[in-house]
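Chains as they are written, first to last, in the numbering used here: chain F, 56 to 451; chain U, 144 to 365.
Following: one structure in C-alpha cells, then a few remarks.
If you want it as C-alpha cells, here you go:
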C-alpha cells in the first residue's frame, strides 16, 4: 500500500518540530523542585497540568531563565516573585543591585540565591554544577566556580580556562552561567557571589530568545502599555484586537490613554463598534484585560517562547475553546512556542479539542506528578490526546 | 493521596453486573468502571473492533492520572487462547513482567518492571472456558433456581435451528437468550442484570463471584 494521507501529515508535523521549534525536548536538572525532569517531546503549544506543589510554575520559571540566558536580573525577579527576596527600601546604605523594577541588598541575594536550586543547599566553598535547563543540543548550565589566587593571578579551579574575559581579582565563589550548544560551551554570565561584580560582559544578542512570562495575576499597566507600543511599531495591533473580539465582538479598536510623561498611568480603552463611545477595557471585567495581555505578549515574543501561568484565570470556561483555537493559530503564524499551565478541567478539554482540530500546530499535554518524592512528567502527544478525549481518560 | 482504580469493561451490561456485585461486597464507589460503547462509536462505528482498539489505546490508558491499577474485563469469545495471546503479546511489548502463556484461572495480575501501574485481566466467563458475560451471569443463578434455568435453556433449545435469530454467522448469543428467558420468569419479569442481582434473582456471593472479587481485591489493593 502507498503512503496514506495520515502518514504524510505525521511526517510533516515531525518535520515542523525539527525545523522550527526552539525546544523539541526538555531537561531540567537541579532547578527548584526538579532534581531531574526529562521530557522527550514538546509541541508548539504545551499545556502543563498537575496537582498543587508539583512545580507547574517552576517549570515556566525554568524556561524563562533559559530564554533570558540566566540573566542575573531574571534570577533576582524569580526570587522576588516568590518573596524569597525582599525589595530594598528606604535609605540605601548597604551595597545593592537595581533593575528597572527592583532594588535589592547584595548580602540578601547571595544567601537567598540557593532557593532557586534543588535541595536549597548552601553554596559552600567548593565549586559545583547547580542546574541544567534546555534540550540536548542547547542547554543552559549554572555552576559555582572557585577562583583561586595563585602566583598573583586568578585561576579557575575547573572548567575551561578562557583568556578573552576580563577577570578582576575576586575572592571566594563565583556564579557562572554558560550556554552549551552542540557540546560547545559559551560563558554568558560570571559574577562574584561576594560582591556580584560581573566579571564577564559579553553582549550576545544573537543568543537571546524573545520571551514573555504572563503571571497568573496578569501584566501591570506599565508593561501592558509598553507591549502595546511594540505591537504598534510592528504593525501587529490588529492581531491583538482580534483576540479580544473572541470575548467581546463589539470592540472595534483599542488605545492607551494617560499622562504622557508617566507610563504607569496609561491604561487601555476600547472603541465600540458603530458608536462614538470609548470605554475603559477594565470595565468589561478581568477577562478582557487578561486577553489583551496574552495577545500583546504573543506579538512581543514573535519567533520566541510565550509562558503563561494559569491561563484560565479571569476567563469564563465557555470562551476557552475559542481562546485555544486562536492560540494554536497565532503560535503558528508568529512562530511562537507556547507553554501554559492550568488547574481547570474545562481548560484541558478545550485545549485537547483545539489541538486535535488544528492541523498545523502540534499540541502536547504535560502532567507533572510526584512519584515517591521525585517530580516526573507524563506527556500526551496530540494523537494520544485524541485517545484521551475519546476514551474519557482522566489526565489531570 | 488520590488513588484511581480503573476497570475497563466491554459494554453497559458488564458495567451494571460488576457495579452491583461490587456494591453487594461493600466496594461501591471505590472502583471507576468505564464501558467502551461510546468510545467505539466515535472511533470506528464498529463494535467488533472493541478489543483491537482497547489494545491499541492501552499505553495511553496506563498514563491516566494516579492510576494504581488498571483492570480489564472482556469476553473470552470462541477462542480463549487466541484472545489471551493478543493480550500477552501487547503486555510483553509494554514490558510487563512474567506474562504467562495461559491466563491465570483466578484472573491474571501483572506488575511492571518500571513504573507503569499493575494490570489485571479477566476473561469472561472464568478465564478457563470460552464464552461471554452471559455465561458468567448464568453461574450466578441460585441453586434453588437451577431447575428454572434448565427449563429456560430447554425452551431456547426447542426453537428450530433455522429460526434462531440470535445465532448468526459471526455470533452466537444463545447464552444471552437463555438468561433473558430465565429473567423473564422471575417474580418481577424482565429486569436487567444489575437489578436482578439486587433482587437476588442472581447471587452476588456465588463461588464464581467470590473468585472474581478475590482478583479485584488483590488487583486494586482493597
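Every residue gets a Cβ at the ideal spot worked out from N, C-alpha and C, and that includes glycine.
Computed from a predicted model, the values in this text were never measured in an experiment.
Since I believe residue j is in contact with residue i (beta carbons under 8 Å), could you give me their beta-carbon distance rounded to a whole number of angstroms?
i	j	result
residue 347 of chain F	residue 336 of chain F	6 Å
residue 173 of chain F	residue 114 of chain F	About 14 Å; that fails the 8 Å criterion.
residue 403 of chain F	residue 109 of chain F	The pair is not a contact, with the Cβ atoms about 15 Å apart (cut-off 8 Å).
residue 420 of chain F	residue 434 of chain F	7 Å
residue 307 of chain F	residue 332 of chain F	About 10 Å separates the two Cβ atoms, so there is no contact after all.
residue 75 of chain F	residue 436 of chain F	So it is not a contact: roughly 17 Å between Cβ atoms.
What's the call for residue i, buried or exposed, on a 16-neighbour Cβ count within 10 Å?
i	result
residue 279 of chain F	buried
residue 272 of chain F	exposed
residue 319 of chain U	buried
residue 146 of chain F	exposed
residue 268 of chain F	buried
residue 454 of chain F	In the structure displayed, chain F extends from 56 to 451; residue 454 of chain F sits before or after that span and is not available.
residue 250 of chain U	buried
residue 66 of chain F	Legend: pLDDT at residue 66 of chain F = 46, less than 50; position of this residue unreliable, no value from coordinates given.
residue 225 of chain U	exposed
residue 189 of chain F	buried
residue 156 of chain U	buried
residue 176 of chain F	exposed
residue 241 of chain F	exposed
residue 224 of chain F	Confidence at residue 224 of chain F is low in this model, with a pLDDT of 47, below 50, so the placement of that residue should be treated as unreliable; the coordinate-derived value is given next. Label assigned to residue 224 of chain F: exposed.
residue 173 of chain U	exposed
residue 148 of chain F	exposed
Quick check: is the beta carbon of residue i nearer than 8 Å to any beta carbon in chain F?
i	result
residue 187 of chain U	Confidence at residue 187 of chain U is low in this model, with a pLDDT of 46, below 50, so its placement is unreliable and the value that follows should be read with caution. It does not: the Cβ of residue 187 of chain U has no partner Cβ on chain F nearer than 8 Å.
residue 204 of chain U	yes
residue 228 of chain U	no
residue 256 of chain U	no
residue 157 of chain U	no
residue 207 of chain U	yes
residue 147 of chain U	yes
residue 200 of chain U	yes
residue 294 of chain U	no
residue 177 of chain U	yes
residue 162 of chain U	no
residue 363 of chain U	no
Does any C-beta atom of chain U lie closer than 8 Å to the C-beta of residue i?
i	result
residue 426 of chain F	yes
residue 137 of chain F	no
residue 442 of chain F	yes
residue 159 of chain F	no
residue 127 of chain F	no
residue 109 of chain F	no
residue 215 of chain F	Note that residue 215 of chain F scores 43 on pLDDT, short of 50, meaning its location in the model is unreliable; the coordinates nonetheless yield the value given after this. Closer than 8 Å: no.
residue 400 of chain F	no
residue 101 of chain F	no
residue 447 of chain F	yes
residue 439 of chain F	yes
residue 406 of chain F	no
residue 451 of chain F	yes
residue 433 of chain F	yes
residue 294 of chain F	no
residue 132 of chain F	no
residue 124 of chain F	no
residue 183 of chain F	no
Looking at residue j and residue i, is the spacing between their C-beta atoms short of 8 Å?
i	j	result
residue 448 of chain F	residue 207 of chain U	yes
residue 376 of chain F	residue 407 of chain F	no
residue 146 of chain U	residue 211 of chain U	yes
residue 357 of chain U	residue 164 of chain U	no
residue 369 of chain F	residue 345 of chain F	yes
residue 362 of chain U	residue 252 of chain U	yes
residue 149 of chain U	residue 213 of chain U	yes
residue 178 of chain U	residue 153 of chain U	yes
residue 202 of chain F	residue 231 of chain F	no
residue 98 of chain F	residue 417 of chain F	yes
residue 273 of chain U	residue 219 of chain U	yes
residue 318 of chain F	residue 385 of chain F	no
residue 267 of chain U	residue 217 of chain U	yes
residue 366 of chain F	residue 395 of chain F	yes
residue 265 of chain U	residue 355 of chain U	yes
residue 359 of chain F	residue 122 of chain F	yes
At least three beta-carbon pairs within less than 8 Å, the stretch 255-274 of chain U to the stretch 322-333 of chain U: no
Three-pair Cβ contact test at 8 Å for the stretch 282-302 of chain F versus the stretch 351-358 of chain F: yes
Touching by the beta-carbon criterion (3+ pairs, under 8 Å), the stretch 153-166 of chain U and the stretch 276-289 of chain U: yes
At least three beta-carbon pairs within less than 8 Å, the stretch 331-347 of chain U to the stretch 301-317 of chain U: no
Touching by the beta-carbon criterion (3+ pairs, under 8 Å), the stretch 324-343 of chain F and the stretch 296-308 of chain F: yes
Meets three-Cβ-pair contact criterion under 8 Å: the stretch 151-169 of chain F and the stretch 190-198 of chain F: no
contact_flag[the stretch 162-169 of chain F, the stretch 131-143 of chain F] where n(CB pairs < 8 Å) is 3 or more: yes
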